[in-house]
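Take 1 as the starting number for the sequence shown in this note's numbering and just add one per residue.
Using N, Cα and C, we set each Cβ at its ideal position, and we do this for glycine too.
A quick note: this is a predicted structure, and the numbers were derived from the prediction, not measured.
Here is the structure we will look at.
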Amino acid sequence: MHRPSFFIFRSITPSQLGSLLVMFGFSVLIGPLNHAKHLISKERLPFTLVYFSSLGLTLYFSISVHSYLGSLLAGVVQVVSLVAYVLAYFPGGTQTLRFGGQIALRGAGSLLPF
1 MHRPSFFIFR SITPSQLGSL LVMFGFSVLI GPLNHAKHLI SKERLPFTLV YFSSLGLTLY
61 FSISVHSYLG SLLAGVVQVV SLVAYVLAYF PGGTQTLRFG GQIALRGAGS LLPF
């Protein structure tokens, strides 16, 4: 079993770097100022708060607290929020995300004991 500090440099940091590069790509495509305005717009503010909070929490849990579970949960939230953000830009992306979520919950419901 590796130490959490080893874990962050092996898996979390590349994931976070990739995640930030996706956001940078959107900034390049639509312009940095327009992208910043879009991120703090009324309909995108919840996403922005969740995404950047999970980004910070992943680092916090990995570096300061040395918690595998905390790092993992924050990383999952980060990936899910980024996927939702990217899919929202495709035609029908939000509906596809909702549909996929319903199917996943139905499948998980049949596997879980409660």
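Practice prompt. Evaluate Gly25 with the Cβ neighbour count: other Cβ atoms within 10 Å of its Cβ, from every protein chain shown; 16 or more gives buried, anything less gives exposed.
Written response: If you number the sequence shown from 1, residue 25 lands on position 25. Classification of Gly25: exposed, given that the 10 Å Cβ count is below 16.
Worksheet item: How many Å lie between His38 and Leu17 at the Cα?
Response: On the sequence shown, position 38 is the one that residue 38 refers to. On the sequence shown, position 17 is the one that residue 17 refers to. Roughly 21 Å separates the two Cα atoms.
Worksheet item: Exposed or buried, which one is Ala74 when buried takes at least 16 other CB atoms within 10 Å?
Response: In the sequence shown, residue 74 corresponds to position 74, counting from 1. Ala74 is buried by the Cβ-count criterion.
Worksheet item: Quick one: does the C-beta of Ser53 sit closer than 7 Å to a heavy atom of the ligand FAD?
Response: Looking at this structure, you won't find the ligand FAD or any other ligand, since it has none at all.
Item to complete: Let me know the alpha helix (DSSP H) ranges lying completely inside the segment 36 to 103, each 4 residues or longer, listed in chain order.
Response: The segment 36 to 103 contains these whole alpha helix (DSSP H) runs: 45 to 59, 68 to 87.
Worksheet item: How is Gly31 classed by DSSP in three states: helix, strand or coil?
Response: One-based indexing of the sequence shown puts residue 31 at position 31. Coil.
Worksheet item: Below 8 Å between beta carbons: does that hold for Ser19 and Leu82?
Response: To locate residue 19, count along the sequence shown from 1; it is residue 19. To locate residue 82, count along the sequence shown from 1; it is residue 82. Against a cut-off of 8 Å, the Cβ pair of Leu82 and Ser19 comes out as a contact.
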